[in-house]
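A.B. asks:
Protein chains: 2
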Amino acid sequence: MQKLRAEIEAQFACHLEEHSFWKHLAKESPAGFRAIRETLLAPGKRVRPLLFCTACRAMGREPVPDLMPVALALELVHSFILIHDDIIDRSDERRGAPTLPKRMDGLFAEKPADGVRGSDFALITGDLLYTLAFESLLQADASDAQRTEAVRLFTRAALDTARGALLEMRAAQTPLAELTTGDIEKIYALKTGSYTFTLPLQLAALFSGDTRGTDFAAVGKSAGIAFQLRNDQDDATDDLRDGRRTWALVCAGLKEAPGSSDMLTAVKKAQEENVRRALALVDSPELSALLKQVLSATV
Amino acid sequence: MQKLRAEIEAQFACHLEEHSFWKHLAKESPAGFRAIRETLLAPGKRVRPLLFCTACRAMGREPVPDLMPVALALELVHSFILIHDDIIDRSDERRGAPTLPKRMDGLFAEKPADGVRGSDFALITGDLLYTLAFESLLQADASDAQRTEAVRLFTRAALDTARGALLEMRAAQTPLAELTTGDIEKIYALKTGSYTFTLPLQLAALFSGDTRGTDFAAVGKSAGIAFQLRNDQDDATDDLRDGRRTWALVCAGLKEAPGSSDMLTAVKKAQEENVRRALALVDSPELSALLKQVLSATV
């Protein structure tokens with residue numbers, strides 16, 4: 025897997041080096057380009073491209089080098105989502121480094137631009153990474169019918185992500201006591217599961233010509249819930265402070281202290297149940313092993 | 025043209041009525057859906073779909089009904105750009121009505137959501153309209169090769185738009201005296217010309233199988249500059265107040281009062297020159313007539 029991850033990193037670095045858009049930007053706005061580059065190349069797990077490439081191999085198609093543009097597209101779309109999330113959450117830090125809006129706030133403070141904020145620059149950067157994701161997808165070595173279908177799968181996952189994000193805002197308006205863990209699971213499945221798990225697996229099946237008909241939407245749903253439940257366990261105290269509607273807090277209904285043993289037991293049980301459900305649907309040992317690692321955050 | 029515009033409006037209304045995403049949202053977040061619907065259906069000129077449909081006819085292909093999803097995609101992408109622009113410009117009003125961030129600020133004030141702002145809701149809505157644009161594009165009655173090429177043209181225009189927006193932020197950091205009118209023309213051509221003029225015309229040629237090889241990039245560049253110069257004339261006083269780097273203000277170099285007759289004469293001359301250049305490249309009388317109307321803001 026280390027070799028595959030190195031391939032993915034190389035693809036990412038090469039994209040930033042060679043795409044004409046970045047060449048223009050490096051000339052026209054060197055400090056802005058540096059900030060974007062540092063944000064994108066901050067160490068990440070590259071979960072989505074890893075899943076895509078591993079699934080391709082499990083389905084009998086070698087993804088390197090022909091399908092690396094698809095792997096890149098998945099990482100670009102993830103970067104786009106993180107950057108827009110950082111604007112919404114007003115986060116200053118991610119992956120141990122300043123977020124893009126934060127970096128750009130610093131730059132605009134040095135050389136003020138009438139009314140332009142770091143988050144404005146980050147907003148446009150997110151839009152453009154999303155565009156580059158679609159563009160990269162079209163560069164897969166595949167038929168036009170496959171490429172068209174890939175774009176369609178991408179849009180479907182992106183609609184789920186947006187719906188999950190809007191449901192999350194709605195949940196923020198709803199008193200904790202009126203929310204069920206089912207409401208939160210729906211948000212996790214839509215906002216995270218669809219583009220993190222379902223999409224890479226569906227794309228692998230598409231480009232590998234795999235026709236076994238595995239229910240990747242169901243895998244993605246359970247895996248997405250399990251993935252977020254893992255985060256809930258780690259961040260319970262911060263989430264409570266920020267008023268976030270997480271599964272853990274809804275489950276505890278604020279009756280228990282965040283991080284109490286009863287609450288953590290419930291989250292852990294639900295998490296294991298969803299891991300089990302996701303894995304039961306996957307028949308490749310390599311893919312199962314990777315999913316297990318991703319879902320236990322040991323990838 | 026009134027009939028064509030009615031077709032476009034009907035397509036837009038039908039999309040909002042029938043797409044499963046909007047059906048979900050209408051149930052899950054009724055007030056949010058109403059705000060989006062009112063924003064999208066506020067009276068607009070529908071310049072991009074009109075240009076696309078008129079160009080199709082001029083090139084011998086009837087766009088109604090087979091290519092209406094392409095017309096819709098162009099209006100969706102325009103709505104996405106306007107909404108993200110309204111966030112960046114912190115605009116409260118557009119088309120004589122409150123902008124989406126403003127509307128949502130009102131809704132969140134009624135029923136507060138921990139830390140969620142109207143601009144957060146609008147940001148996700150913009151992303152989702154962009155996704156719906158790609159999805160609609162794929163529904164054109166065309167071959168997979170044409171659809172793939174259409175997506176590619178879309179991404180190219182979107183990259184130009186993003187580059188123009190980033191150049192505009194950079195210009196906001198640059199003292200007015202250090203900018204040339206050429207710098208501003210580049211921003212206008214990239215940010216407005218590419219997706220407003222070049223893209224609809226290229227898509228019309230693609231789906232009509234037109235092979236005359238008109239230089240639509242050159243048409244779009246001149247038309248985009250002319251289109252923005254028209255706005256400069258109307259908004260000179262507001263632009264100065266907001267510190268916007270417009271052609272008019274760069275040309276006058278702050279030596280003249282905004283709206284002075286010398287400044288307006290220079291803008292008018294440059295505008296007419298660009299209209300002339302754009303029209304010289306177009307050989308269809310119907311399309312020329314529409315472009316003239318669009319560029320004189322009488323459409």
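In the order they appear, the protein sequences are chains A and B.
With the numbering used here applied, the first sequence covers 25 to 323.
With the numbering used here applied, the second sequence covers 25 to 323.
In this text, a Cβ means the ideal position worked out from N, Cα and C, and glycines have one as well.
What residue range is occupied by the uninterrupted alpha helix (DSSP H) comprising THR149 of chain B?
C.D. replies: Stepping through the second sequence from its first residue, residue 149 of chain B is reached at position 125. It spans 142-161 - the alpha helix (DSSP H) in which THR149 of chain B sits, taken as one unbroken run.
A.B. asks: Could you say if the stretch 151-162 of chain B and the stretch 168-188 of chain A meet the contact criterion of at least three C-beta pairs nearer than 8 Å?
C.D. replies: Taking 8 Å as the limit for Cβ pairs, the verdict is that the stretch 168-188 of chain A does touch the stretch 151-162 of chain B.
A.B. asks: Using only alpha-carbon positions, find the residue among B:ASP113, B:ALA137, B:PHE145 and B:VAL140 that is nearest to LEU124 of chain B.
C.D. replies: Along the second sequence, one-based indexing puts residue 124 of chain B at 100. Nearest C-alpha to LEU124 of chain B: B:PHE145.
A.B. asks: Of all the alpha helix (DSSP H) runs that stay within the bounds of the stretch 35-63 of chain A, which reach a length of 4 or more residues?
C.D. replies: Those alpha helix (DSSP H) runs which fall completely within the stretch 35-63 of chain A and span 4+ residues are 44-52.
A.B. asks: Use the C-beta contact count for GLU42 of chain A: other C-beta atoms within 10 angstroms, 16 or more gives buried, fewer gives exposed.
C.D. replies: The residue given as residue 42 of chain A occupies position 18 in the first sequence. Exposed, since its Cβ has fewer than 16 Cβ neighbours within 10 Å.
A.B. asks: Give a yes or no on whether the minimum CB-CB distance between GLN226 of chain B and chain A is below 8 Å.
C.D. replies: For the purposes of this step, residue 226 of chain B is taken as the residue at position 202 of the second sequence. It does not; no Cβ of chain A falls within 8 Å.
A.B. asks: Which of the three DSSP states is assigned to ARG118 of chain A in this structure?
C.D. replies: As a working mapping, residue 118 of chain A is identified with position 94 in the first sequence. Note: ARG118 of chain A maps to strand in three-state DSSP.
A.B. asks: If contact is defined by three or more beta carbon pairs under 8 Å, each pair taking one atom from either stretch, is the stretch 260-271 of chain A in contact with the stretch 296-303 of chain A?
C.D. replies: Verdict: no, contact absent.
A.B. asks: Would you say THR222 of chain B and ALA241 of chain B are within 8 Å of each other, going by their C-beta atoms?
C.D. replies: Mapped onto the second sequence, residue 222 of chain B falls at position 198. Mapped onto the second sequence, residue 241 of chain B falls at position 217. Yes, the Cβ-Cβ distance between THR222 of chain B and ALA241 of chain B is below 8 Å.
A.B. asks: Give the DSSP-derived three-state secondary structure of LEU305 of chain A in the structure shown.
C.D. replies: Counted from its first residue, the first sequence places residue 305 of chain A at position 281. Of the three classes helix, strand and coil, the one that applies to LEU305 of chain A here is coil, per DSSP.
A.B. asks: Could you give the residue range of the alpha helix (DSSP H) that holds ARG224 of chain B?
C.D. replies: Indexing the second sequence from 1 puts residue 224 of chain B at position 200. Position check: residue 224 of chain B holds Pro in this sequence, whereas Arg was assumed. Its alpha helix (DSSP H) spans residues 223-232.
A.B. asks: Compile a chain-ordered list of the residues in the stretch 26-55 of chain A whose CB is closer than 7 Å to at least one CB of chain B.
C.D. replies: For the stretch 26-55 of chain A, which is checked against every Cβ of chain B, the residues closer than 7 Å are PHE45, HIS48, LEU49, GLU52 and SER53.
A.B. asks: For THR238 of chain A, which of helix, strand or coil comes out of DSSP?
C.D. replies: Counting from 1 along the first sequence, the entry for residue 238 of chain A is found at position 214. If DSSP states are grouped into helix, strand and coil, THR238 of chain A belongs with coil.
A.B. asks: Could you spell out where the alpha helix (DSSP H) holding MET193 of chain B opens and where it closes?
C.D. replies: Here residue 193 of chain B refers to the residue found at position 169 when the second sequence is read from its first residue. Segment 168-196, the alpha helix (DSSP H) holding MET193 of chain B.
A.B. asks: Taking three-plus beta-carbon pairs below 8 Å as touching, is the stretch 199-216 of chain B in contact with the stretch 245-264 of chain B?
C.D. replies: In short, these stretches touch, since the Cβ pair count reaches three.
A.B. asks: Go ahead and pull the three-state DSSP assignment for SER320 of chain A.
C.D. replies: Against the first sequence, residue 320 of chain A aligns to sequence position 296. Three-state DSSP puts SER320 of chain A in coil, outside helix and strand.
A.B. asks: What residue does the alpha helix (DSSP H) around PRO199 of chain A start on, and which one ends it?
C.D. replies: Numbered from 1 along the first sequence, position 175 holds the residue referred to as residue 199 of chain A. Here PRO199 of chain A belongs to no alpha helix (DSSP H), and DSSP marks it neither H nor E.
A.B. asks: Which residue from A:MET25, A:ALA247, A:ALA95 and A:GLY244 puts its Cα closest to that of ALA37 of chain A?
C.D. replies: If you number the first sequence from 1, residue 37 of chain A lands on position 13. Per the Cα distances, A:ALA95.
A.B. asks: For PHE76 of chain B and ASP256 of chain A, what's the separation of their Cα atoms in angstroms?
C.D. replies: Walking along the second sequence from the start, residue 76 of chain B turns up at place 52. Walking along the first sequence from the start, residue 256 of chain A turns up at place 232. For PHE76 of chain B and ASP256 of chain A, the distance between alpha carbons rounds to 49 Å.
A.B. asks: Per DSSP, what kind of secondary structure is ARG268 of chain A in: helix, strand or coil?
C.D. replies: Stepping through the first sequence from its first residue, residue 268 of chain A is reached at position 244. In the structure shown, ARG268 of chain A sits in coil (DSSP, three-state: anything other than H, G, I, E or B).
A.B. asks: How long is the line joining the alpha carbons of SER308 of chain B and GLN317 of chain B, rounded to whole angstroms?
C.D. replies: To locate residue 308 of chain B, count along the second sequence from 1; it is residue 284. To locate residue 317 of chain B, count along the second sequence from 1; it is residue 293. Their Cα atoms are separated by approximately 14 Å.
A.B. asks: Do HIS102 of chain A and ASP151 of chain B have their C-beta atoms within less than 8 Å of each other?
C.D. replies: Locating residue 102 of chain A in the first sequence gives position 78, where the first residue counts as 1. Locating residue 151 of chain B in the second sequence gives position 127, where the first residue counts as 1. Not closer than 8 Å, so no.
A.B. asks: Run down chain A in chain order and give the residues with a C-beta less than 8 Å from the C-beta of GLY267 of chain B.
C.D. replies: Here residue 267 of chain B corresponds to residue number 243 of the second sequence, with the count starting at 1. Going along chain A in sequence order, the residues near GLY267 of chain B (Cβ under 8 Å) are ASP138 and GLY139.
A.B. asks: Does the beta carbon of ASP212 of chain A come closer than 8 Å to any beta carbon on chain B?
C.D. replies: The residue given as residue 212 of chain A occupies position 188 in the first sequence. Note that residue 212 of chain A is Tyr in the sequence shown here, rather than Asp. Chain B contact via Cβ: absent.
A.B. asks: Are any of the Cβ atoms in chain B nearer than 8 Å to that of PHE158 of chain A?
C.D. replies: Translated into the one-based positions of the first sequence, residue 158 of chain A becomes position 134. It does; some Cβ of chain B falls within 8 Å.
A.B. asks: Check the Cβ-Cβ distances between ARG127 of chain A and every residue of chain B, and say whether any is below 8 Å.
C.D. replies: Here the question's residue 127 of chain A lines up with position 103 in the first sequence. Chain B contact via Cβ: absent.
A.B. asks: Between LEU305 of chain B and THR238 of chain B, is the Cβ-Cβ spacing less than 8 Å?
C.D. replies: Within the second sequence, numbered from 1, the residue matching residue 305 of chain B stands at position 281. Within the second sequence, numbered from 1, the residue matching residue 238 of chain B stands at position 214. Yes, they are a contact pair.
A.B. asks: Along the chain, where does the alpha helix (DSSP H) that runs through TYR212 of chain B open and close?
C.D. replies: Against the second sequence, residue 212 of chain B aligns to sequence position 188. 205-212 is the span of the alpha helix (DSSP H), which, as asked, contains TYR212 of chain B.
A.B. asks: If we count Cβ pairs, one from each stretch, closer than 8 Å, do we get three or more for the stretch 111-124 of chain B versus the stretch 134-149 of chain B?
C.D. replies: In short, these stretches touch, since the Cβ pair count reaches three.
A.B. asks: Name the chain A residues that come within less than 7 Å of ILE107 of chain B, Cβ to Cβ?
C.D. replies: Indexing the second sequence from 1 puts residue 107 of chain B at position 83. Simply none; closest approach about 11 Å.
A.B. asks: Tell me where the alpha helix (DSSP H) around GLU86 of chain B begins and ends.
C.D. replies: Here residue 86 of chain B is taken as the residue at index 62 of the second sequence, counted from 1. It is not in any alpha helix (DSSP H) - GLU86 of chain B carries neither H nor E in the DSSP assignment.
A.B. asks: Is there at least one Cβ from chain A nearer than 8 Å to PHE231 of chain B's Cβ?
C.D. replies: Taking the second sequence and counting its residues from 1, one reaches residue 231 of chain B at position 207. False, the Cβ-Cβ gap to chain A never drops below 8 Å.
A.B. asks: Check for me: the alpha helix (DSSP H) holding ASP165 of chain A runs from which residue to which?
C.D. replies: Here the question's residue 165 of chain A lines up with position 141 in the first sequence. First-last for ASP165 of chain A: undefined, no H or E at that position.
A.B. asks: What's the gap between the Cα of GLN163 of chain A and the Cα of ARG171 of chain A?
C.D. replies: For the purposes of this step, residue 163 of chain A is taken as residue 139 along the first sequence, with counting starting at 1. For the purposes of this step, residue 171 of chain A is taken as residue 147 along the first sequence, with counting starting at 1. Cα-Cα distance, rounded: 8 Å.
A.B. asks: In its own chain, which residues sit with a C-beta less than 7 Å from the C-beta of VAL71 of chain B, not counting the 5 before and 5 after it?
C.D. replies: Position 47 of the second sequence, counting from 1, holds the residue named residue 71 of chain B. Once the five neighbours on either side are set aside, the close Cβ partners of VAL71 of chain B are THR220, VAL318 and VAL323.
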